[in-house]
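Protein chains in written order, with our numbering: chain A, 1 to 112; chain B, 113 to 221.
Quick reminder that beta carbons are idealized off the backbone N, C-alpha and C, glycines included.
All values derive from a computational prediction rather than experimental measurement.
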Amino acid sequence: EPEVTQTPSHQVTQMGQEVILRCVPISNHLYFYWYRQILGQKVEFLVSFYNNEISEKSEIFDDQFSVERPDGSNFTLKIRSTKLEDSAMYFCASRTENSPLHFGNGTRLTVT
Amino acid sequence: RKEVEQDPGPFNVPEGATVAFNCTYSNSASQSFFWYRQDCRKEPKLLMSVYSSGNEDGRFTAQLNRASQYISLLIRDSKLSDSATYLCVVKGGSYIPTFGRGTSLIVHP
């Protein structure tokens with residue numbers, strides 16, 4: 001069964017540094033998402049992406065965040081200047097037109 | 113009122129028990145409903161979609177009550193491996209699936 005893959009599985013970075021989280025969505029999927037989950041809290045929507053542009057974003061997704069689909073397979077989330085409170089699990093997800101979301105196994109980001 | 117609300121639990125049940133979770137949602141225009149399962153520090157995995165007429169998948173039954181704006185998940189004959197957090201997911205008018213906080217289930221021998 002095709003999967004959404006995310007790399008790295010764990011990223012440790014210092015406050016103020018830039019990080020890029022990478023995702024390869026399922027190949028025939030058209031809609032892409034980033035969610036995050038702070039330890040012990042709920043899964044929160046960050047951004048959705050369709051047709052090479054952001055379709056919706058949440059209040060969390062401020063100017064420090066950006067997304068890109070640099071080629072036909074990768075979908076990346078960049079955090080320009082990380083803060084301690086950015087420490088969380090970041091999940092990428094994708095779907096076809098009317099399907100549920102399929103999630104990658106996540107990247108655990110630790111900001112020190 | 114929160115968009116999607118769930119009792120966080122934990123629900124602590126013996127093997128073989130039947131357990132039910134509810135989830136309420138605030139947006140009456142919500143169109144699609146799902147139950148996901150999440151194991152500790154893992155990604156959410158789709159358990160089942162929830163249809164208006166109710167649907168069953170083995171030991172799991174999901175139901176939707178649009179009038180009262182809630183969905184439910186019933187697990188029969190609980191197994192140790194059912195221990196997890198069960199996430200209610202609701203899609204409103206735009207396809208931004210919104211997650212509930214999750215209900216923790218612990219099945220003990």
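What residues are listed by DSSP as bridge partners for residue i?
i	result
residue 112(A)	Looking at the DSSP assignment, residue 112(A) forms no beta bridge with any residue, so it has no partner.
residue 102(A)	94(A)
residue 198(B)	149(B), 215(B)
residue 133(B)	185(B)
residue 9(A)	Answer is none; residue 9(A) lacks a bridge partner.
Does the beta-carbon of residue i have 16 or more other beta-carbons within 10 angstroms, so that it is buried, or is it exposed?
i	result
residue 198(B)	buried
residue 92(A)	buried
residue 100(A)	buried
residue 194(B)	buried
residue 73(A)	exposed
residue 95(A)	buried
residue 150(B)	buried
residue 152(B)	exposed
residue 176(B)	buried
residue 142(B)	buried
Would you call the CB atoms of residue i and residue j closer than 8 Å?
i	j	result
residue 116(B)	residue 123(B)	no
residue 89(A)	residue 108(A)	yes
residue 82(A)	residue 43(A)	no
residue 189(B)	residue 128(B)	yes
residue 40(A)	residue 155(B)	no
residue 146(B)	residue 219(B)	no
residue 119(B)	residue 215(B)	yes
residue 79(A)	residue 71(A)	no
residue 12(A)	residue 34(A)	no
Looking at the structure shown, is residue i part of a helix, part of a strand, or coil, going by DSSP?
i	result
residue 169(B)	strand
residue 127(B)	coil
residue 180(B)	coil
residue 185(B)	strand
residue 190(B)	coil
residue 44(A)	strand
residue 85(A)	helix
residue 36(A)	strand
residue 220(B)	strand
residue 29(A)	coil
residue 203(B)	strand
residue 155(B)	coil
residue 114(B)	coil
| said: Using a Cβ-Cβ cutoff of 7 Å, what residues of the region 43 to 62 of chain A are near chain B? List them in chain order. | reply: Those would be 43, 45, 48, 56, in chain order.
| field | chain A contacts from the region 171 to 187 of chain B (Cβ-Cβ distance under 8 Å) | value | Within the region 171 to 187 of chain B, not one residue has a Cβ closer than 8 Å to any Cβ of chain A.
| message | Against chain A, which members of the region 140 to 156 of chain B pass a CB distance test of less than 9 Å? | response | So the close ones are 144, 146, 148, 150, 153, 154, 155, 156.
| query | Just by C-beta distance, which residues in the region 8 to 31 of chain A are closer than 9 Å to chain B? | reply | Correct list: 31.
| query | Taking Cβ-Cβ distances below 7 Å as the criterion, which residues of the region 92 to 108 of chain A are in contact with chain B? | reply | Against chain B - using a Cβ distance shorter than 7 Å - the residues of the region 92 to 108 of chain A are 100, 101, 103, 104, 105, 106.
| field | Contact residues within the region 202 to 218 of chain B, judged by C-beta distance below 8 Å to chain A | value | If the cut-off is 8 Å between Cβ atoms, the region 202 to 218 of chain B has 206, 207, 208, 209, 210, 211, 212, 213, 214 near chain A.
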